[in-house]
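Have a look at the structure below before the remarks.
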Amino acid sequence: MNRDVFPLLDVPEIVMCLQSCDFTLAAKDDISRPTSAYIMSLYEQIIKGFTGSLSDTTLNETTKRMIDEETRLLAPTLRIITLNRTCYRFFKDIGVNDFGMMDLKKPTFERVRRLLSAVVNYARFREERMFDCKKFIATMELLLNRLRSKFDDYNLLQQQTNDIQDLIGDYLQQVGININDLEGIEFEKQIDEEYNKLEEHNKELESELKKLTSLQETFSIDYNNYRIEKQNLLKGLESVGYRLIELDSKRDKLQKGADIDMEKLIEELNGLKNDIDKKMVEQQELEKKQNNLQVSAKVYEDFINELYDLLRILSTDLHDSQRNERTLMEIKQQLTTQQENLKNVLSSTVLDRIGIFDEQIKINQPELQKLEELFNSQHQEFELKRKEISEHYYQVIQPKQEESEDYINRVLINGKIKTTEKKLKELKASYELQRKQLEEEWSLLIDCIVKYMEDLLTDVKVG
């Protein structure tokens with residue numbers, strides 16, 4: 001925390017102020033990295049500029065008085081001691097009370113900056129005071145000139161009085177009259193009158209001098225008031241200086257903002273605005289596509305659900321067909337066994353075979369009729385269901401599928417949907433193939449059963 005009465009200045013400001021005071025040794029780099037030789041030279045130049053005395057002069061005069069060579073070796077030390085004493089008195093007068101030998105031998109940047117800030121503050125105060133006191137100095141010079149003129153007039157009158165007295169004395173001596181005998185004569189009255197005039201003139205001069213003295217006292221009081229007002233103004237100026245520094249920094253920031261090319265900024269803003277408009281249009285299109293995709297997904301989901309229902313119905317029919325097929329296979333197996341048994345019986349005796357066969361025909365005739373009726377009814381039901389499924393597929397599912405395919409091909413460009421569509425087509429083809437295979441197997445099974453029945457009837461008729 002800075003406890004000095006003067007502000008701590010920056011190096012560029014210090015250098016500028018010192019150079020304006022004709023201190024040519026002041027340099028930014030040397031002050032930033034001070035050395036003992038440079039600081040001593042700079043302080044000597046500053047002290048010589050402000051006080052008119054230089055330690056080198058005293059040192060040289062002292063060195064000239066030295067006799068032997070060993071004593072001359074003490075010249076650098078004597079120079080430092082003399083300069084230290086001179087600098088201590090000088091800096092104490094300008095507000096720095098802690099100047100020491102280390103400030104000359106091992107100067108540091110912070111100490112040098114503080115000491116030079118005190119010098120700059122002293123130079124500024126001195127210049128401002130000299131400028132403000134010019135009016136008072138001019139008034140005092142005018143009054144002093146008037147006082148000198150009055151004293152000159154008084155001296156002139158005194159000289160004239162003495163000359164007149166001398167002339168009177170010489171004249172009286174020439175005429176042989178003693179001056180002591182002139183008492184009570186009218187001439188003495190004239191001398192008294194002249195003396196009274198001189199006394200009155202002296203009183204006037206004394207009153208004028210008193211007026212000048214009172215005026216000087218008034219000036220002293222005004223000067224003291226000026227000093228107090230000056231200190232208050234300096235404090236206010238310091239706060240204003242800090243405020244000015246803050247305003248300068250803000251001005252630099254605003255200047256950086258003001259240096260921006262407005263045309264380029266407007267172009268960038270227009271470009272950003274166009275990009276935003278494009279993005280808004282793209283967003284609207286994407287929202288429309290999203291809505292269409294949701295509708296398509298819903299249609300596609302309905303189609304998948306219907307397809308699953310269809311596959312479930314087909315799988316149910318397929319299970320029924322397989323179950324019927326197993327029943328037919330069992331019946332076929334029974335018939336085959338009966339046929340073998342019948343052949344064995346026929347081979348033993350024809351009559352026994354005919355009798356047994358007639359009995360078996362009588363026994364199996366109702367079952368065959370039931371089986372045939374069951375087969376015909378199931379076949380008719382299967383055909384009806386197949387027709388219903390085909391009609392439902394061609395009338396409901398296929399149009400929806402075509403509509404969905406057309407909508408998906410028009411709106412969506414997605415590899416997953418195409419892949420799913422391909423899989424659906426493959427499933428559809430597989431389903432059609434399985435359906436055809438199932439129909440072929442079913443037809444083949446019917447043909448086998450019919451052929452078997454025909455062969456069986458033929459064998460019975462032949463037997």
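In the working numbering, the protein residues as written are 1 to 463.
A virtual CB, placed ideally from N, CA and C, is assigned to each residue, including glycine.
Below 8 Å, enough C-beta pairs join the segment 113-120 and the segment 91-99 to call them touching: three or more. Under the three-state reduction of DSSP output, GLY100 falls in the coil class, being neither helix nor strand.
The closest CA to that of THR82, considering only MET40, VAL119 and ALA118, is found on MET40. ILE46 and PHE23 have their C-alpha atoms roughly 7 Å apart. With a cutoff of 7 Å on beta-carbon distance, VAL11 and SER36 are scored as not near each other. With a cutoff of 7 Å on beta-carbon distance, ILE137 and LEU104 are scored as not near each other. Around the CB of LEU9, 16 or more other CB atoms lie within 10 Å, so the residue is classed as buried. Pairing TYR154 with LEU205, the inter-Cα distance amounts to about 8 Å. Less than 7 Å separates the beta-carbon of PHE6 from that of ASN121.
Of the other Cβ atoms in all chains shown, fewer than 16 fall within 10 Å of the Cβ of ILE266; this residue is therefore exposed.
A Cβ-Cβ distance of about 5 Å is found for the pair ASP30 and TYR38, placing them in contact under the 8 Å criterion. Secondary structure within the segment 221-250: not one fully enclosed alpha helix (DSSP H) run of 4 or more consecutive residues is present. In the three-state reduction of the DSSP assignment, CYS17 falls in the helix class, which pools H, G and I. For ALA75, the enclosing alpha helix (DSSP H) stretches over residues 75-93.
For ASP29, the uninterrupted alpha helix (DSSP H) segment begins and ends at 28-32. Between ALA123 and CYS21, the gap from beta carbon to beta carbon is short of 7 Å. Annotated three-state conformation of VAL281 is helix, per DSSP. Per the coordinates, the alpha-carbon of LYS289 lies some 34 Å from the alpha-carbon of GLU432.
Counted as a single uninterrupted DSSP element, the alpha helix (DSSP H) harbouring GLY49 occupies residues 36-51.
Between the alpha carbons of GLN159 and LYS150 lies a distance of about 14 Å.
Distance from the CA atom of GLU141 to the CA atom of HIS201, rounded to whole angstroms, is 23 Å. Look at PHE23 here: in three-state DSSP terms it is coil, with no helix or strand label. LEU18 sits close to ALA26, with the two beta carbons spaced by under 7 Å. In the three-state reduction of the DSSP assignment, LYS106 falls in the coil class. In the three-state DSSP reduction, VAL5 falls in the coil class, being neither helix nor strand. In this structure, LEU143 sits near LEU212, with a CB-CB distance shorter than 7 Å. When the Cα atoms are used, LEU438 and MET453 turn out to be separated by approximately 22 Å. If you draw a straight line from the Cα of ASN232 to the Cα of ARG251, it comes to about 28 Å. Pairing ASN84 with MET101 gives a Cβ-Cβ distance under 7 Å.
In this structure, DSSP gives ASP10 a state outside helix and strand, which the three-state scheme calls coil.
Nearest Cα to PHE91 within the set GLU330, THR51 and THR108: THR51.
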